[in-house]
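Asker: Below you will find the structure I want to go over with you.
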Amino acid sequence: MPVTGAGLINRLAQLCFIAGVALVPLAAQAADEDPWEGVNRVIFRFNDTLDTYALKPLAQGYEFITPKFVEDGIHNFFNNIGDVRNFANDVLQAKPHAAGVDTARLLLNTTLGVAGFIDVGTRMGLQRNDEDFGQTLGYWGVSSGPYVMLPLLGPSTVRDGLARFPDTYDAPYPYMNDIAWRNSLEALDIIDTRASLLSAEKLISGDKYTFIRNAYLQHREFKVKDGKVKDDF
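Following this note's numbering, the residues of the sequence shown are numbered contiguously, the last one being 233.
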């Protein structure tokens, strides 16, 4: 059955409500940020080994053989797909201005930007609002819960991990009937994302697990609070 834009947003809203109710008890928790560190470190080592010998080499090879303008275009294409998720969560967070900006970006980039390969919106001063359902829950006061390292998926929290499910419904993959095309597109999305993180590895210092955990938690707090975080210094 085809899913209209309105139907998609309606389905997402219903899923958001159900997941939100299920996550409300997390708000009462005042536990240590990483109470499952022992298990998390084991999963981290598994993920890191897989990344070192599989995903990272693929990303490096992709970056090496792909012309920069093509790589930028592919990255813009996936960002354009992500603007659907951004718009949906703008609406759920009651941010009309951000929703308007992301709608304009989506329309401009999909049409004038040739399916999003050219980021016309940014060139016109329409800055992208990077939102997801985990941020939406945090915006409405749901605690992040304990830190978790997810197999294959990487760092997360209980709230953000569960919030991944509703976010899948505003991506095109669940609605693609051609399995080969769907898997190829998802694989390219993953490789593109990993390639965009290659330069950031230079910033890692000290214990890698601790560095990534702290960076993730601080970044998520920054995103949930729209950059309005207290400076402890």
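Backbone N, C-alpha and C define an ideal beta-carbon position, used for all residues, glycine too.
What did DSSP end up calling S205 once you bin it into helix, strand or coil?
Answerer: Residue state, collapsed to three classes: coil.
Asker: Taking the C-alpha atoms as reference points, what is the distance between L188 and H97?
Answerer: Their backbone Cα atoms lie some 32 Å apart in a straight line.
Asker: Anyone know if the C-beta pair for K56 and R194 falls short of 8 Å?
Answerer: In contact: K56 and R194 (Cβ atoms closer than 8 Å).
Asker: When the Cα of A163 is compared with those of Y173, S184, I190, E131, which residue comes out closest?
Answerer: If we check each option's Cα against that of A163, E131 comes out closest.
Asker: Taking the straight line between their C-alpha atoms, what separation do you get for I212 and F46?
Answerer: Answer to the nearest angstrom: the Cα atoms are 15 Å apart.
Asker: Within 10 angstroms of the Cβ of I204, are there 16 or more other Cβ atoms? Answer buried if so, exposed if not.
Answerer: Classification for I204: exposed.
Asker: Beta-carbon within less than 6 Å of V84's beta-carbon, same chain only, minus the 5 sequence neighbours each way: which residues are those?
Answerer: Once the five neighbours on either side are set aside, the close Cβ partners of V84 are D170.
Asker: Among G141, D167, L58, whose alpha-carbon lies nearest the alpha-carbon of L197?
Answerer: Of G141, D167, L58, the residue nearest in Cα terms is L58.
Asker: Consult DSSP for S199 and reduce its assignment to one of helix, strand or coil.
Answerer: Helix, per DSSP.
Asker: Quick check on M149: buried or exposed, where buried means 16 or more other Cβ atoms within 10 Å of its Cβ?
Answerer: Answer is buried; the Cβ neighbour count reaches 16.
Asker: Quick check: what's the CA-CA separation for R123 versus D102?
Answerer: For R123 and D102, the distance between alpha carbons rounds to 14 Å.
Asker: Just curious, the alpha helix (DSSP H) that G145 is in, first and last residue?
Answerer: That residue, G145, is in no alpha helix (DSSP H); it is neither H nor E in DSSP.
Asker: Enumerate in chain order the residues of its own chain whose CB-to-CB distance from Y62 is below 7 Å, with the five nearest sequence positions on each side excluded.
Answerer: Hits under 7 Å: I191, A195.
Asker: Quick check: V229 and G138, are their CB atoms within less than 8 Å of each other?
Answerer: Contact: no.
Asker: Indicate whether N86 and N40 have their beta-carbon atoms separated by less than 8 Å.
Answerer: It is not a contact, given that the beta carbons lie outside the stated cut-off.
Asker: Only counting the same chain, and skipping five residues up and downstream in sequence, which positions put a Cβ closer than 8 Å to that of E186?
Answerer: If we look at E186 and ignore the five residues flanking it on each side, its Cβ neighbours are Y173.
Asker: Alpha carbon to alpha carbon, how far is E201 from D207? Give it in angstroms, no decimals.
Answerer: If you take the alpha carbons of D207 and E201, they lie about 13 Å apart.
Asker: Does the beta-carbon of Q218 have 16 or more other beta-carbons within 10 angstroms, so that it is buried, or is it exposed?
Answerer: Exposed is the call here.
Asker: Measure the alpha-carbon distance for G227 versus V158 and round it to whole angstroms.
Answerer: So the alpha carbons of these two residues sit roughly 22 Å apart.
Asker: Under the rule that 16 or more other beta-carbon atoms within 10 Å means buried, what is A115, buried or exposed?
Answerer: The residue is exposed, with fewer than 16 neighbouring Cβ atoms inside 10 Å.
Asker: With H, G and I counted as helix, E and B as strand and the rest as coil, what does DSSP make of G38?
Answerer: In the structure shown, G38 sits in a helix (DSSP, three-state: H, G or I).
Asker: Sort out for me which residues DSSP pairs P172 with in a bridge.
Answerer: Per DSSP, none; premise fails for P172.
Asker: Measuring only the C-alpha atoms, how far is F165 from T66?
Answerer: Distance between the alpha carbons of F165 and T66: 32 Å.
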